[in-house]
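**Student:**
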Amino acid sequence: FDLKTSSWIQTPADIRKLKGALFCDRRYDTVFLYHNGAESYYAARGFRGSLRV
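Heads up: the sequence shown begins at 1 in the numbering used here, then just goes up one per residue.
1. From G37 to D25, what distance separates their C-alpha atoms?
2. Quick check: S7 and F32, are their CB atoms within less than 8 Å of each other?
3. If contacts are defined as beta-carbon pairs under 8 Å, then E39 and K19 qualify, I think. What distance do you get, rounded to the angstrom?
4. Pick from A21, R27, T11, I15: whose alpha carbon is nearest that of T5?
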């Protein structure tokens, strides 16, 4: 997990069909799990990715 921002995690298809999303933070040596609407989460955040070539 990114130690400075929230990270998307794989969300079950039935939750995604309802436009939900799961994400986590790692703080205080603990992982916190959250839920929210995907549009709401994405509206206030950027996107990070990794591409291996």
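Heads up, the beta-carbon is just placed ideally off N, CA and C, and yes, glycines get one too.
Here the structure is a predicted model, which means the values were calculated and not measured.
**Tutor:** Once the coordinates are examined:
1. 17 Å
2. no
3. 7 Å
4. R27
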